[in-house]
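Asker: Starting off with a structure, shown below.
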Amino acid sequence: MSSYCDIAPGHPVHAYYHAHEYGFPQRDERELFERLLLEINQAGLSWETILKKREGFRAAYDGFDVDAVAAYGEADVERLLGDSRIIRNRLKVRAAIHNAQVIQTLRLSHGSFAAWLDAMHPRSKPEWVKLFRKTFRFTGGEITGEFLMSLGYLPGAHREDCPVHARIVGLSPPWTRD
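The sequence shown lines up with residues 6 to 183 when you count with the numbering used here.
Here it is in structure tokens:
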């Protein structure tokens, strides 16, 4: 079975994400929210489709500004459902708005989304999935696992023989501190 490390290097769509984002620890709220929103929208689709639509998502969702998205109302839902640059799925659009509102509450309880993730770490993947299902919308096992792996909270983003793996380990992502 091939891995992302086999197909991504040199690929016109996947190469940059594989070499510079996937598995790298991240603290910035916009980046965390973007990754969660993109992972949710990937459900049922290919990651390549999502990466190709990434700039459309960025434009449609106010640069992944949590406060802007949390304030969206029905007019924004309809605007998003009419926007061909993104995945037009009502459940996914409503999940983005709800999850932005959740992140606002995590700021109040923990200071930031990243601090909440840190406070919940370490957990096994099943424990993370249970927590995410309780906390966010549209976050099943694959979405939660990929989100956390893509940010370094769970291992497995890269094979150990992938050159990117060594760069990530050098950054001490959370999974290396379990």
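Note that beta-carbon positions come from the ideal geometry of N, C-alpha and C, so glycine has one too.
Given that a residue counts as buried once 16 or more other Cβ atoms are within 10 Å of its Cβ, and exposed if not, what is L113?
Answerer: If you number the sequence shown from 1, residue 113 lands on position 108. So L113 counts as exposed.
Asker: Pick helix, strand or coil for N94, following the three-state DSSP scheme.
Answerer: For the purposes of this step, residue 94 is taken as the residue at position 89 of the sequence shown. Coil at N94, not helix or strand.
Asker: Under 8 Å by Cβ, that's how I've got R32 and A119 pegged, so tell me the actual separation to the nearest angstrom.
Answerer: Start at 1 with the first residue of the sequence shown, and residue 32 comes out as number 27. Start at 1 with the first residue of the sequence shown, and residue 119 comes out as number 114. Their Cβ separation, rounded to whole angstroms, is 4 Å, which keeps R32 and A119 in contact under 8 Å.
Asker: Is L156 near R40, with beta carbons less than 8 Å apart?
Answerer: As a position in the sequence shown, residue 156 is number 151, starting the count at 1. As a position in the sequence shown, residue 40 is number 35, starting the count at 1. Their beta carbons are under 8 Å apart, which means L156 touches R40 by this criterion.
Asker: Determine whether the beta carbon atoms of A100 and F38 lie at a separation below 8 Å.
Answerer: Indexing the sequence shown from 1 puts residue 100 at position 95. Indexing the sequence shown from 1 puts residue 38 at position 33. No, the pair does not count as a contact, with Cβ atoms beyond the cut-off.
Asker: Out of curiosity, what's the CA-to-CA distance linking C167 and L176?
Answerer: Looking up residue 167 in the sequence shown gives position 162. Looking up residue 176 in the sequence shown gives position 171. Their backbone Cα atoms lie some 15 Å apart in a straight line.
Asker: Starting from K58, follow the alpha helix (DSSP H) in both directions and report where the run begins and ends.
Answerer: Working through the sequence shown from its first residue, we reach residue 58 at position 53. Unbroken run through K58: none, as it is neither H nor E.
Asker: Could you name the residues of the same chain whose beta carbon sits closer than 7 Å to that of L96, not counting the 5 residues immediately before and after it, in chain order?
Answerer: Along the sequence shown, read from residue 1 onward, the residue named residue 96 stands at position 91. Excluding positions up to five away in sequence, the list reads F143.
Asker: In the DSSP assignment, find the alpha helix (DSSP H) that holds S155 and state where it starts and stops.
Answerer: Your numbering for residue 155 matches position 150 in the sequence shown. 146–155 is the extent of the alpha helix (DSSP H) around S155.
Asker: So W133 packs on L153, CB below 8 Å; how close in whole Å?
Answerer: The count along the sequence shown starts at 1 and reaches residue 133 at position 128. The count along the sequence shown starts at 1 and reaches residue 153 at position 148. Yes, they are in contact, since the Cβ atoms of W133 and L153 sit about 6 Å apart, within 8 Å.
Asker: Contact defined as beta carbons within less than 8 Å: I believe I91 pairs with F62. What is the distance between those atoms, to the nearest angstrom?
Answerer: As a first step, residue 91 is located in the sequence shown; it is residue number 86 there, counting from the start. As a first step, residue 62 is located in the sequence shown; it is residue number 57 there, counting from the start. Right, their Cβ atoms sit about 5 Å apart.
Asker: Classify H23: buried if its beta carbon has 16 or more other beta carbons within 10 angstroms, exposed otherwise.
Answerer: As a position in the sequence shown, residue 23 is number 18, starting the count at 1. So H23 counts as buried.
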